[in-house]
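Residue numbers (the UniProt record's numbering): 1 to 157.
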């Protein structure tokens with residue numbers, strides 16, 4: 001007999017129904033496709049998809065992304081650039097269904113993951129590199145020299 005109530009669901013799933021009614025009322029759209037949702041990594045979670053925690057910052061030469069992917073092997077993750085968006089995707093698998101049956105607490109996530117990041121215009125997308133070590137994915141995006149701080153006047157017609 002289990003002493004704890006085991007829930008695989010996200011505790012915020014109860015908010016899905018009213019949100020979906022709101023979206024349907026306004027004509028429907030995919031909230032994961034809004035610019036704000038992509039920027040914040042929101043809207044990318046359903047029952048089997050999770051969004052990894054990440055930091056993005058820049059220095060004089062690079063934009064850097066650190067994404068936490070605990071329990072993920074290097075070959076289970078991919079990094080793609082499309083347009084001005086960099087996306088980290090992949091999938092993890094549970095060890096066995098037997099461990100789930102005997103679970104008292106289960107907080108680790110399994111299944112597909114996805115996280116997208118907007119990339120600024122001065123990024124050198126031809127020279128993006130990624131390293132994976134101890135469950136952390138580090139993505140380095142060089143900046144194109146000479147574009148930051150450039151200024152020009154736009155004639156108004």
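No residue lacks a Cβ here, since even glycine has one placed at the ideal position from N, Cα and C.
Nothing here was measured: the structure is a model prediction, and the numbers come from that model.
Status (buried if at least 16 other CB within 10 Å, exposed otherwise) for residue i
i           : result
residue 116 : buried
Sequence-distant residues of the same chain with beta carbon closer than 7 Å to residue i, five excluded per side
i           : result
residue 131 : 138
residue 126 : none
residue 142 : 61, 62, 124, 127
residue 66  : 54, 55, 136, 138
residue 57  : 64
residue 72  : 90, 92, 135
residue 77  : 69, 88, 90, 132, 137
For residue i, three-class secondary structure by DSSP
i           : result
residue 114 : strand
residue 18  : helix
residue 150 : With a pLDDT of only 45 at residue 150, under the threshold of 50, the placement of this residue in the model should not be trusted; the figure read from the coordinates follows. If DSSP states are grouped into helix, strand and coil, residue 150 belongs with coil.
residue 102 : coil
residue 125 : helix
Among the options, the one whose alpha carbon lies nearest that of residue i
i          : options      : result
residue 59 : 136, 18, 122 : 122
Own chain, CB closer than 8 Å to residue i, minus 5 neighbours either side, in chain order
i           : result
residue 18  : none
residue 85  : 38, 116, 117, 118, 119
residue 144 : 122, 123, 124
residue 101 : none
residue 129 : 139, 140
Contacting residues, own chain, Cβ-Cβ under 6 Å from residue i (five flanking each side not counted)
i           : result
residue 87  : 80, 116
residue 113 : 50, 52, 90
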